[in-house]
Structures are given as C-alpha cells and as structure tokens.
Amino acid sequence: MRRALMLLRHLLPLVASFARDRRRWLVLGGPMERSRAFHARRAGRLADTLGRMGPTFIKLSQLFAGRRDLVPSPYIEAIGTLTDRVPAVPWSAVRAALAESYGRPPEQVFDWISAEPLAAASLGQVHRATVQGRDVVVKVLRPGVETTIAADLRAARALLRWLAPRLHPPHLRGLHSVLDEFERRVAEEMDFRAEARFAETIRANFAGNDRVRVPEVIPGFVRQRALVLEYMAGTRIDRLDDDLAGGRLDPEPVLRTVMELYVQMMLVDGLFHADPHPGNILVDAAGRVVLLDFGMVVPVPPETRRALVGTVFAAIRKDVDGVVDGFYALGLIEPGASRDVIHTLAAQLILLADERTTAQERIERVTRLADEVVGTLYDFPVQLPADMVYFARTAALIEGLGVRYDPRFNPVGFATPIALRFRGAILRSLGDEPPLPETIPGVLGALAGRAAKWARRMGRVAEVAWRTRSEAS
Numbered sequence: 000m001r002r003a004l005m006l007l008r009h010l011l012p013l014v015a016s017f018a019r020d021r022r023r024w025l026v027l028g029g030p031m032e033r034s035r036a037f038h039a040r041r042a043g044r045l046a047d048t049l050g051r052m053g054p055t056f057i058k059l060s061q062l063f064a065g066r067r068d069l070v071p072s073p074y075i076e077a078i079g080t081l082t083d084r085v086p087a088v089p090w091s092a093v094r095a096a097l098a099e100s101y102g103r104p105p106e107q108v109f110d111w112i113s114a115e116p117l118a119a120a121s122l123g124q125v126h127r128a129t130v131q132g133r134d135v136v137v138k139v140l141r142p143g144v145e146t147t148i149a150a151d152l153r154a155a156r157a158l159l160r161w162l163a164p165r166l167h168p169p170h171l172r173g174l175h176s177v178l179d180e181f182e183r184r185v186a187e188e189m190d191f192r193a194e195a196r197f198a199e200t201i202r203a204n205f206a207g208n209d210r211v212r213v214p215e216v217i218p219g220f221v222r223q224r225a226l227v228l229e230y231m232a233g234t235r236i237d238r239l240d241d242d243l244a245g246g247r248l249d250p251e252p253v254l255r256t257v258m259e260l261y262v263q264m265m266l267v268d269g270l271f272h273a274d275p276h277p278g279n280i281l282v283d284a285a286g287r288v289v290l291l292d293f294g295m296v297v298p299v300p301p302e303t304r305r306a307l308v309g310t311v312f313a314a315i316r317k318d319v320d321g322v323v324d325g326f327y328a329l330g331l332i333e334p335g336a337s338r339d340v341i342h343t344l345a346a347q348l349i350l351l352a353d354e355r356t357t358a359q360e361r362i363e364r365v366t367r368l369a370d371e372v373v374g375t376l377y378d379f380p381v382q383l384p385a386d387m388v389y390f391a392r393t394a395a396l397i398e399g400l401g402v403r404y405d406p407r408f409n410p411v412g413f414a415t416p417i418a419l420r421f422r423g424a425i426l427r428s429l430g431d432e433p434p435l436p437e438t439i440p441g442v443l444g445a446l447a448g449r450a451a452k453w454a455r456r457m458g459r460v461a462e463v464a465w466r467t468r469s470e471a472s
C-alpha cells in the first residue's frame with residue numbers, strides 16, 4: 000500500500016494535467032487544446048518521473064513506447080530516452096551477485112573483468128571481460144530487481160483499480176493489456192537461461208546470412224542471473240551520422256537489412272527479438288547489423304503470422320476489404336466498432352501509406368482522419384492486443400530510423416519489395432503453397448510465362464500436323 004501511495008504521489012500531478020486536457024472529471028467545459036510545445040514539456044516531466052520511480056517503470060515504459068493507440072508521439076519520444084538514463088549498479092554489488100551465481104569471485108572465473116559497466120539497463124548490467132582467451136561480455140541481473148518488480152506490479156494494479164472509473168474504456172483495456180503482458184514477459188526476461196536459449200536459436204536462424212551477426216553464448220557460463228556472450232563491437236544504429244557524413248556507410252542497405260531480419264524473425268521463423276530499441280542494434284565496421292540482448296523474445300503463432308501476412312499483402316494490393324478482415328483477425332478492432340467506420344479508416348490509411356510525407360505530417364493526417372471519421376482520437380476504434388505491441392514497437396523503430404536519415408522516408412513503400420521477396424518463404428514456413436503472384440509485375444510475368452508455354456505447345460502441335468501432312472503426301 001505504501002508503494003501504491005508513493006506511485007500516486009508521483010503520478011497524480013500528471014494524471015490531473017491529462018484530465019484537465021479532456022475536462023473529463025472537471026465541470027469546466029469542453030476539452031482544452033494543447034500546443035506541441037506544451038506536450039513536449041509535459042512529456043519531459045513524465046520521463047523524469049518514470050526514471051525516478053525505478054527499474055519497473057523504466058521497463059514498463061518500453062512497452063508503452065509501442066502503444067501509439069494510448070500514448071501520443073511527444074510522450075513516446077520522451078520515454079524512449081529512458082533506456083539511456085538507467086543508473087549503474089555499484090561494482091561491489093555486481094561482484095557479489097556474480098560470486099553468488101558462479102560460486103566464487105569473478106576474478107577467479109574470468110581472466111579479466113572490467114569494474115566499469117559497458118551498459119546499464121532496467122533489469123541487467125553488462126561488463127566487458129576475457130575468458131578462455133576470448134573477448135566477452137558478462138550480463139548480470141540487477142540485485143534485488145525481482146522483489147522490486149513484484150512490489151511495483153502490485154502497486155500499479157492497485158493504482159489502476161483506483162483510476163478505472165476515471166478512464167476512457169479503451170484506454171483502461173489498453174492499460175490492463177500492457178500490465179498483463181509485462182507481468183508475463185518480465186519473469187522470463189529475468190531468467191538468463193531462457194535468454195541464452197533464445198540467443199542460440201536466433202543465431203542459428205541467421206547462420207547463413209553474412210549481413211547479420213548474433214553473439215555466441217559462451218558454453219558453461221549460463222546461470223539464472225548471469226550470462227556470458229561473445230563481445231561484438233559496433234556503433235548504435237541511431238548514431239551513424241559521422242560514418243554517413245564521411246561516406247563510409249550508406250543508410251539504405253542498413254535499413255534494408257534491419258527490415259529483412261525482422262520480416263524473417265516475425266513471419267518466417269515465428270520467433271522474434273521484441274526489444275528493438277537502438278541500443279540493441281549496432282552496425283559494425285563492415286556495415287553488418289549486430290543484434291544484441293535476447294531477454295525479450297516473443298514467439299509468433301502460425302495463426303497470427305497468417306493474419307499478418309494476409310493483412311500486409313491486402314494492403315500491398317490496396318484491397319480495403321482484405322485489410323479490414325485482417326484488422327479483425329488480428330484483434331485490432333474495438334468491440335462494437337462500426338465496420339463502415341473501419342472500412343473508411345482503412346481506405347484512407349492505404350492512401351496515406353503511398354504518400355511520401357514526413358513522420359510528423361503522417362501523425363497529423365491520422366489525427367485529422369480520426370477527428371473526421373470518429374470524432375476524436377481518444378475514441379479511435381482501434382486497439383493493440385498484447386502480442387501486437389511488439390510488432391508496433393518494431394514498426395516504430397524502423398520508421399524512426401528511416402526518418403532519421405531521410406525525413407520523407409515511407410516505411411510502407413520501403414517494406415513492400417522486401418515483403419514480396421519473402422512471400423514464398425513465409426508461406427512455405429506456414430506449410431502453404433505460394434499462390435499465383437498478386438502484384439501487377441508478378442501477374443504479367445506469370446501471364447508471359449504461360450503464353451510462352453502455350454506457344455511452345457502450339458508449335459509442337461503444328462510440327463506434328465506438318466509431318467503428318469508431309470507423310471500423307
């Protein structure tokens with residue numbers, strides 16, 4: 000209860016500020032319009048508050064960063080910075096945790112280990128080391144984090160019960176969905192034995208791809224709260240400006256590789272890296288993409304993959320009814336929403352996807368569309384089920400990277416040829432035979448192939464007829 004009251008004390012000023020925007024609880028008239036600068040300032044205060052609240056809320060904010068149905072863009076941008084603001088655990092505590100995991104001091108386990116962290120995250124911390132003559136990284140679970148997260152989850156649920164009567168129903172369902180998914184995933188993420196299995200599987204899945212690197216798990220050093228992996232050097236994917244300016248790197252092949260690796264993980268392998276913040280994706284000196292941190296890896300069931308594939312290719316065909324069917328199959332539509340409204344939204348979104356606009360222009364267009372079609376963005380009849388949150392985060396990452404290097408980057412246009420190239424592999428992985436090509440070039444190619452085959456057959460028939468006439472004469 001004490002923790003819940005502490006959370007309420009931290010969050011109440013922000014909750015009241017949001018309520019004032021909507022005038023939902025107050026008898027002060029209609030909603031208030033807020034400027035983008037106002038939202039940016041308040042988003043900064045929210046990020047500062049979440050940072051002070053500790054590792055649970057820093058980690059939880061990563062899930063909210065994928066919830067564009069719940070969280071406006073300025074707030075997503077602000078909470079996205081939290082991954083770089085986690086304070087490090089003192090070496091004395093890390094040393095004690097490693098000694099507990101390995102049964103002896105780390106100086107006796109490793110040839111050398113740095114007391115300075117290479118990276119600090121909400122759940123774990125990473126230190127460079129050498130062992131058996133190899134450069135490695137040692138990942139250790141933050142001491143006491145399991146107890147802290149359990150207490151914070153109880154407090155968050157108590158706070159949500161108090162807020163329930165004051166929240167818009169779709170938002171309430173969305174908040175419950177995020178908390179439920181967080182509770183399911185975080186227990187697995189705090190067991191590094193599971194992370195080791197996921198890392199090994201994904202490394203095997205990309206073994207034949209010379210543009211993607213996945214660190215090797217060092218055998219014999221896997222524990223529940225500690226893990227040792229091969230060290231891989233590289234530059235964060237959002238910090239490539241110097242390489243680009245110096246002409247050492249072209250962003251387009253890098254973005255294409257990132258898009259391809261996520262298409263393969265999500266739609267072919269059915270197992271994908273679901274924590275795609277820029278600190279987990281590096282680019283090495285050879286321009287290869289390095290994938291790090293396999294704590295949050297999510298399986299994609301065949302039925303979800305089929306629904307995703309159907310929706311993606313319906314959008315490529317500009318088949319509005321197919322897109323709407325896909326939205327329903329993926330659980331994206333709020334209960335009771337009008338299919339006509341969804342059809343109008345889908346048609347407009349398909350048109351928008353073809354436009355080469357800036358990210359901010361797209362956000363403004365979607366907001367205006369929501370206002371025109373359903374009255375207000377707060378009543379937008381689209382929801383994100385728990386398993387779709389990770390796909391949304393991945394899409395947001397790729398769009399954000401593209402926009403960083405090209406302000407008019409069109410993610411749909413960029414993804415379309417990649418999706419078409421993977422289409423056969425996707426369908427074969429689901430046990431389906433690829434149907435006839437569905438794009439205009441594909442259809443024309445198929446027709447040309449059939450015409451040539453028919454011409455060859457007719458030629459053979461004509462040849463037989465000519466021989467028959469010759470023999471008869």
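Okay, so the sequence shown: first residue is 0 according to numbering that gives the first Met the number 0, each after it adds one. Ideal Cβ placement from N, Cα and C applies to all residues, glycine included. Note that the coordinates shown come from a computational prediction; the quantities given were computed from them, not determined experimentally.
- Ala96 counts as buried, since no fewer than 16 other beta carbons sit within 10 angstroms of its beta carbon.
- Segment contact: the region 279-297 against the region 242-253, three or more CB-CB distances shorter than 8 angstroms; contact assigned.
- Per the C-alpha coordinates, the member of Phe271, Pro89, Met387, Val311 positioned closest to Ile332 is Met387.
- Scanning the region 126-193 from its first residue to its last, the whole beta strand (DSSP E) runs of 3-plus residues come out as 133-140.
- Counting along the chain, Leu62 sits inside the alpha helix (DSSP H) bounded by residues 54-63.
- Exposure of Gly412 is indicated by the presence of fewer than 16 other C-beta atoms within 10 angstroms of its C-beta.
- In terms of Cβ geometry, Pro73 and His38 form a close pair [threshold 9 angstroms].
- For Leu383, there is no enclosing beta strand (DSSP E), as DSSP marks it with neither H nor E.
- Contact between Leu117 and Ala77 fails: their C-beta atoms lie close to 25 angstroms from each other, not under 8 angstroms.
- In this model, Thr55 and Glu106 are separated by some 31 angstroms (Cα to Cα).
- For Pro410, there is no enclosing beta strand (DSSP E); the enclosing alpha helix (DSSP H) has its first and last residue at 410-428.
- When the Cα atoms are used, Ala313 and Thr146 turn out to be separated by approximately 46 angstroms.
- Here Asp209 is exposed. Its C-beta has fewer than 16 other C-beta atoms within 10 Å.
- In the structure shown, Val211 adopts extended strand secondary structure according to DSSP, grouped into three states.
- Around the Cβ of Thr393, a 10 Å sphere holds 16 or more other Cβ atoms; the residue is buried.
- Within the same chain, and ignoring the five residues on either side of Thr303 in sequence, no residue has its Cβ closer than 6 angstroms to its Cβ.
- Around the beta-carbon of Glu99, fewer than 16 other beta-carbon atoms lie within 10 Å, marking it exposed.
- Secondary structure in the region 219-268: the alpha helix (DSSP H) runs of 4 residues or longer, each lying completely within the stretch, are 240-244, 250-262 in chain order.
- Nearest C-alpha to Gly173 among Val185, Leu159, Ala186, Arg184: Leu159.
- DSSP, reduced to helix, strand and coil, places His276 outside both helices and strands of the structure shown, so it counts as coil.
- Under the three-state reduction of DSSP output, Val282 falls in the strand class.
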